[in-house]
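**Student:**
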Amino acid sequence: MMKTRIEGDLLIIRDQPFGFWLFYSFFIAGGLMALVLSLSAAPDTTTAIIGSAIGLGNITGGFYMVKREPASIVEIDKDSGEVRVCRWYPFGKRQRAYSVSAITGVEVEISEHTEGGSVYRTRLCFGKAEFVPVSMFWYQTREPSETILREIRTFLGLDLHQGSVLKQK
6 MMKTRIEGDL LIIRDQPFGF WLFYSFFIAG GLMALVLSLS AAPDTTTAII GSAIGLGNIT
66 GGFYMVKREP ASIVEIDKDS GEVRVCRWYP FGKRQRAYSV SAITGVEVEI SEHTEGGSVY
126 RTRLCFGKAE FVPVSMFWYQ TREPSETILR EIRTFLGLDL HQGSVLKQK
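Just so you know, the sequence shown maps onto residues 6 to 174 in the numbering used here.
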């Protein structure tokens, strides 16, 4: 879930992916266990190869999911005129800055979930071609994204009816 905080002319939006990361870490831990047991206690070579492949698959999948869903901290600072976006993982981070004056809108992006239905996330629009998600997480319902959208628009003094909901294909 995303949380917001206002400190003067600074809006801070951060998400909390630690529950997801904990879940993904079970894949990594289980994969490590399968790999160790396959290499140390397998009764034959075929079992060792199959167990090692399963272990490596779990480890790779766990790391992939953690990398795919980084934690996000977005700071919109009216004083400095900057939007700072920080995406971080347990093993690194990326930072990028944009100009507040370059924001042309705030939207709720809609995509299709792999198991059917729609998923939602808030994004900042910079011109007509650059879109920056506030969080890399997709929500099952529209409300969390709509709440963040309203908070950003209110903070920036944007028209609450500006922008459209865009469907991603």
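Built from N, CA and C at the ideal position, the CB exists for glycine as well.
In this text, all values refer to a predicted model and were calculated from it rather than measured experimentally.
Around the C-beta of R142, are 16 or more other C-beta atoms found within 10 angstroms, so that it is buried, or is it exposed?
**Tutor:** Per the sequence shown, the amino acid found at residue 142 is Phe instead of Arg. Per the 10 Å Cβ criterion, buried.
**Student:** Based on the DSSP output, what are the partners of I78 in its beta bridges?
**Tutor:** BP columns for I78 point to R19, C91.
**Student:** For R19 and E80, what's the separation of their Cα atoms in angstroms?
**Tutor:** R19 and E80: Cα-Cα distance of roughly 9 Å.
**Student:** Can you grab the Cα-Cα spacing for the pair Q173 / I115, in whole Å?
**Tutor:** Only weak support is given to the placement of Q173: the predicted model assigns it a pLDDT of 46, under 50, and the value that follows is read from those uncertain coordinates. Using only the alpha carbons, I get a separation of about 6 Å.
**Student:** Kindly indicate the opening and closing residues of the alpha helix (DSSP H) around Y69.
**Tutor:** Segment 50-73, the alpha helix (DSSP H) holding Y69.
**Student:** Evaluate the contact criterion for the region 104-112 versus the region 89-96: three or more CB pairs, one atom per stretch, below 8 Å.
**Tutor:** No, the region 104-112 does not touch the region 89-96.
**Student:** Judging by CA-CA distance, which residue of I59, Y29, T159, R126 is the nearest neighbour of Y69?
**Tutor:** Checked all of I59, Y29, T159, R126; the closest Cα to Y69 is Y29.
**Student:** Can you pull the DSSP bridge partners for Q145?
**Tutor:** According to DSSP, which records beta bridges pairwise, Q145 is partnered with nothing at all.
**Student:** Terminal residues of the continuous beta strand (DSSP E) containing S129?
**Tutor:** For the sequence presented, residue 129 should be read as Leu rather than Ser. Element bounds for L129: 123-131.
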